[in-house]
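Structure record follows, encoded as structure tokens.
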Amino acid sequence: MTYIVTDNCIACKYTDCVEVCPVDCFYEGENALVIHPDECIDCGVCEPECPADAIRPDTEPDMDKWVEFNRKYAELWPVIISKKDPLPDAEEKDGEADKLAKYFSEAPGEGG
Numbered sequence: 001m002t003y004i005v006t007d008n009c010i011a012c013k014y015t016d017c018v019e020v021c022p023v024d025c026f027y028e029g030e031n032a033l034v035i036h037p038d039e040c041i042d043c044g045v046c047e048p049e050c051p052a053d054a055i056r057p058d059t060e061p062d063m064d065k066w067v068e069f070n071r072k073y074a075e076l077w078p079v080i081i082s083k084k085d086p087l088p089d090a091e092e093k094d095g096e097a098d099k100l101a102k103y104f105s106e107a108p109g110e111g112g
């Protein structure tokens, strides 16, 4: 099992999760985070830290596409280990449907 980030992170990008990760397996895009599924040690400490409930175990139904999504962008984006402010519209966009199609950016974040 591994944990992965789903579309509810997009356009919110809360980073509470990165501070508790013991192996630094979060990677930062311009408007979302991902977890490298091959680096995650399945400890689960990040899941309850996410205010947007965007972190899920890969054992839930229909998570295969999100595992591959996380793997792809973890290979392209810089690692993030420090908490940053969420995006300005995070509260407004939290829970909005179809965020992947509406808002996702492939651009990397700053990392750090």
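First residue of the sequence shown? That's 1 in full-length UniProt numbering, and the numbers climb one at a time after it.
Virtual Cβ for every residue (Gly too), placed ideally from N, Cα, C.
Assignment of Y14 by DSSP, reduced to helix, strand and coil, places it in the coil class. The continuous alpha helix (DSSP H) containing V67 extends over residues 64 to 74.
For C25 against I10, the beta-carbon gap comes to about 19 Å, at or over 8 Å, which does not count as contact.
Taking a cut-off of 8 Å for Cβ pairs, the segment 62 to 71 and the segment 41 to 53 do not touch, as fewer than three such pairs fall below it. Counting C-beta atoms within 10 angstroms of its own C-beta, E28 has 16 or more neighbours from the protein chains shown and is therefore classed as buried.
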